[in-house]
């Protein structure tokens, strides 16, 4: 069931979203070759706690860290480690959320580590652009399928693989709520958007193919092709005045 948010609810979600966005901005500015993914996790954790919130991901479903940190061919749910050292040319996806005053936020971006290849740069550009293209069509009266199709068409027309197994989702009092927001679909189909809906749009795009698999750690999802993968995400609110991106820093 889709839960609509009141004006008071949205005000609280803006605060949680701003904290998550600030954490993502800070960790993105901090990334450099030689850092470990556990160091990045600490930056996220400390920022969220310092701002009076709790990391939404910590212990969620048993996840052992405050951020999912996924490198290169890792799509999502990478577990931070003091042994995982970033090197120039890597790309790293940082997925995180903040919980405050009863509401969650959820956001992600994929960052370059030092100088990266032109192929990696293009992947990041296209994935990020598909997110904002999808946000642009999210308005009262549109349907979930309009968002889904926008991501799919934008990325597939440029030769990229759109992951089917994992999708966007509602966000609110729970980290994952209805509706599901796939990155593929048919325009004009799915739930109609009304004021008060809040959900995360999160394109997960591979250079080659849509196939993914989970590693033996039970968390880390990688591309079956071994190709690079990118992930960008914002939590948004549908209002009568237009769409609001809640996870801006």
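In the working numbering, the protein residues as written are 1 to 249. For glycine and all other residues, C-beta sits at the position ideal for the given N, C-alpha and C. Quick caveat, the model's predicted, so the values are computed rather than measured.
Alpha-carbon spacing of residue i relative to residue j, whole angstroms
{"i": "residue 249", "j": "residue 105", "result": "12 Å"}
{"i": "residue 227", "j": "residue 206", "result": "7 Å"}
{"i": "residue 38", "j": "residue 94", "result": "12 Å"}
{"i": "residue 190", "j": "residue 11", "result": "27 Å"}
{"i": "residue 170", "j": "residue 118", "result": "34 Å"}
{"i": "residue 80", "j": "residue 26", "result": "17 Å"}
{"i": "residue 5", "j": "residue 195", "result": "8 Å"}
{"i": "residue 36", "j": "residue 84", "result": "5 Å"}
{"i": "residue 163", "j": "residue 236", "result": "21 Å"}
{"i": "residue 230", "j": "residue 49", "result": "27 Å"}
{"i": "residue 244", "j": "residue 17", "result": "11 Å"}
{"i": "residue 156", "j": "residue 110", "result": "19 Å"}
{"i": "residue 30", "j": "residue 114", "result": "11 Å"}
{"i": "residue 44", "j": "residue 54", "result": "11 Å"}
{"i": "residue 137", "j": "residue 20", "result": "23 Å"}
{"i": "residue 238", "j": "residue 165", "result": "25 Å"}
{"i": "residue 86", "j": "residue 127", "result": "22 Å"}
Beta-carbon proximity of residue i to residue j, cut-off 8 Å
{"i": "residue 66", "j": "residue 99", "result": "no"}
{"i": "residue 148", "j": "residue 181", "result": "yes"}
{"i": "residue 233", "j": "residue 200", "result": "yes"}
{"i": "residue 143", "j": "residue 193", "result": "yes"}
{"i": "residue 220", "j": "residue 62", "result": "no"}
{"i": "residue 108", "j": "residue 241", "result": "no"}
{"i": "residue 161", "j": "residue 209", "result": "yes"}
Chain-order list of residues whose beta-carbon lies under 8 Å from that of residue i (same chain, five-residue window excluded)
{"i": "residue 120", "result": "89, 91, 112 and 228"}
Exposed unless 16 or more other CB atoms sit within 10 angstroms - verdict on residue i
{"i": "residue 177", "result": "buried"}
{"i": "residue 70", "result": "buried"}
{"i": "residue 123", "result": "buried"}
{"i": "residue 96", "result": "buried"}
Neighbourhood of residue i by C-beta, 6 Å cutoff - its chain only, sequence neighbours within 5 removed
{"i": "residue 211", "result": "224"}
{"i": "residue 101", "result": "12"}
{"i": "residue 146", "result": "137 and 187"}
{"i": "residue 47", "result": "23 and 26"}
{"i": "residue 134", "result": "147, 150, 151 and 201"}
Beta-carbon proximity list for residue i, same chain, < 7 Å, skipping 5 on both sides
{"i": "residue 167", "result": "180, 181, 182 and 183"}
{"i": "residue 222", "result": "73, 74, 75, 212, 213 and 215"}
{"i": "residue 217", "result": "79"}
* Sequence ranges, beta strand (DSSP E) only - wholly within the stretch 48-135, length at least 3 -> 67-71, 74-76, 91-96, 98-100 and 107-112
* In chain order, which beta strand (DSSP E) runs of at least 3 residues are fully inside the stretch 174-228? -> 177-181, 198-201, 204-206, 212-214 and 221-223
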